[in-house]
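With the sequence shown counted from 1, adding 97 to any position gets you the working numbering. Presented below is the structure to which this report refers.
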Amino acid sequence: MLLNNLRNLIETANADKEKYEKRLEEEPSDQYGIWAFKKLRWHEEPRETVSDNSERSKAYRKLAYGILNDIDTGELKKFSEIIILANEVEGIFNTSSSLGAIVDYVISHLYSKKDNLDKLEISDLENLKDLFEKLLSTKAIVSKMLKQLLLDYQDDKNSIQTDTIKLKLHVEEIIKQIEENQEEAEKLKSDILSIKNF
């Protein structure tokens with residue numbers, strides 16, 4: 098039962114990962130209207146933007162789409178405009194994509210080993226399932242936060258639509274929360290990778 102539950106959890110997480118890989122494959126030329134990608138430039142040569150079609154830019158966008166999966170593709174342009182207006186393009190997208198990279202790495206790692214899970218002791222299986230659920234929840238929390246930002250902006254909650262300073266402060270607070278989830282995810286990744294014998 099526990100073994101099957103964990104395998105199902107891993108397979109579901111991998112299927113979700115494939116959904117946003119598909120979002121990248123189906124990406125329109127305007128990249129769903131996310132103009133923020135044009136404002137993000139790599140610090141290393143050749144210093145292209147994230148909107149370019151280099152492998153690293155496509156990988157970055159895939160991670161961004163994974164974190165933004167709670168937002169309908171038709172709303173991504175508005176979300177991008179909000180982040181640009183708050184002048185927090187790097188803050189939101191870099192922290193979110195870093196979190197996505199951690200989660201994706203663990204999903205791929207566990208998916209490649211899912212058929213060997215029966216080699217683990219029950220206590221290790223329980224621990225692995227608990228850690229993996231917590232890891233997946235970090236990404237779910239951030240996805241919901243970003244969707245809520247869009248809703249709060251549309252409702253002008255706390256005047257964030259009409260007052261750019263309040264919007265910036267609100268987005269900065271979200272970035273802090275994303276960073277906390279990112280740190281938690283990094284710790285969970287380390288704990289998951291420390292489980293051997295399978």
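Note that CB positions come from ideal geometry on N, CA and C, so glycine has one too.
Bounds of the alpha helix (DSSP H) holding residue 206 are 186-210. Here residue 246 is buried, its C-beta having at least 16 other C-beta atoms within 10 Å.
Counting along the chain, residue 245 sits inside the alpha helix (DSSP H) bounded by residues 219-251. DSSP places residue 163 inside the alpha helix (DSSP H), whose first and last residues are 152-164. The straight-line gap separating the alpha-carbon atoms of residue 145 and residue 139 is approximately 6 Å. With fewer than 16 other Cβ atoms inside 10 Å of its own Cβ, residue 205 counts as exposed. Residue environment analysis places residue 168 among the buried positions, since at least 16 neighbouring C-beta atoms fall within 10 angstroms of its C-beta. By the criterion of a C-beta distance shorter than 8 Å, residue 153 is surrounded in its chain by 139, once the five residues flanking it on both sides are discounted. Excluding its 5 nearest sequence neighbours in each direction, residue 241 has C-beta neighbours in its own chain below 7 Å: 167, listed in chain order. Separation of the CB atoms of residue 99 and residue 226 is rounded to 7 Å, and the pair is thereby assigned contact status at 8 Å.
Looking at the DSSP output, residue 146 bridges to 138. The beta carbon of residue 183 sits closer than 6 Å to those of 264, 265 and 268, all from its chain and outside the five residues before and after it, given in chain order.
Look at the beta carbons and you see the region 112-127 touching the region 156-165: at least three pairs across the two are nearer than 8 Å. One alpha carbon belongs to residue 248, the other to residue 172, and they sit about 10 Å apart.
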